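S.K.: In our numbering, the protein residues as written are 10 to 227. The beta carbon of each residue, even a glycine, is placed where N, CA and C say it ideally should be. Owing to the predicted nature of the structure, the values given are computational and were not obtained by experimental measurement. Structure below; questions to follow.
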């Protein structure tokens with residue numbers, strides 16, 4: 010069994026902005042606003058909301074990529090964190106409830122090559138944008154579920170391969186992953202969730218606050 014692996018969310022964690030939120034704010038319409046109301050009230054889950062959101066957007070793949078490249082910034086501390094992660098030989102896996110499309114644009118621009126990217130994918134067709142979800146978990150009972158990419162299952166799988174799984178995240182789709190990780194670094198909604206439910210976690214503002222993790226792994 011190998012020693013340590015880091016699993017990190019993407020939107021709002023590796024990046025300063027949530028790419029999906031910005032995309033919907035820029036290109037969405039009244040139907041997207043209604044979907045968001047239904048989602049926040051618990052009437053529909055994450056997967057249903059994201060399917061509806063992107064069905065309502067009329068943009069090309071080129072427009073999508075250009076928007077992501079121009080508008081999405083990485084966390085100010087992440088490049089150094091990634092460089093030091095490579096130096097100590099600890100693998101990084103990106104686990105996202107968002108999309109490989111945005112992740113590949115941003116990480117490719119920054120020259121960052123994680124061991125794996127586990128996320129959903131948007132397929133641009135002449136008839137619109139289709140969601141290809143990484144997981145289909147119809148029996149999910151979590152609030153705001155089911156997600157399109159079950160992070161709990163990823164964490165559990167890596168725990169069978171590594172002695173320590175460190176999970177980093179900020180949002181609603183990170184809650185289940187955090188429940189199963191050995192070490193949790195959280196901010197935003199995830200930090201609030203951990204506090205309310207009594208989970209051990211380290212709160213941080215950006216990846217500069219997490220460089221100490223790498224010193225401990227030397």
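Identify the continuous beta strand (DSSP E) that holds residue 108 and give its terminal residues.
M.R.: 101-108
S.K.: Pop quiz: residue 103 and residue 127 are said to be a contact at Cβ under 8 Å. What is the actual Cβ separation, rounded to whole angstroms?
M.R.: 7 Å
S.K.: Taking the Cβ atom as the reference point for each residue, do residue 60 and residue 140 lie within a distance shorter than 8 Å?
M.R.: yes
S.K.: On the DSSP bridge list, what partners appear for residue 58?
M.R.: Answer is none; residue 58 lacks a bridge partner.
S.K.: Between which two residues does the alpha helix (DSSP H) carrying residue 77 extend?
M.R.: 70-80
S.K.: Is residue 159 helix, strand or coil when you go by DSSP?
M.R.: coil
S.K.: Quick check on the burial criterion: 16 or more other C-beta atoms within 10 angstroms. Buried or exposed for residue 41?
M.R.: Under the 10 Å beta carbon count, residue 41 is surrounded by 16 or more other beta carbons and is classified as buried.
S.K.: Looking at C-alpha atoms only, which residue of 206, 88 and 220 is the closest neighbour of residue 187?
M.R.: 206
S.K.: May I have the straight-line CA-CA distance separating residue 193 from residue 26, to the nearest angstrom?
M.R.: 21 Å
S.K.: Give me the residue from 119, 216, 82 and 97 with the minimum Cα distance to residue 14.
M.R.: Selection 119, 216, 82 and 97 evaluated against residue 14 yields 97 as nearest (Cα-Cα).
S.K.: Kindly confirm or deny that the segment 105-124 and the segment 41-54 touch, where touching means at least three C-beta pairs closer than 8 Å.
M.R.: no
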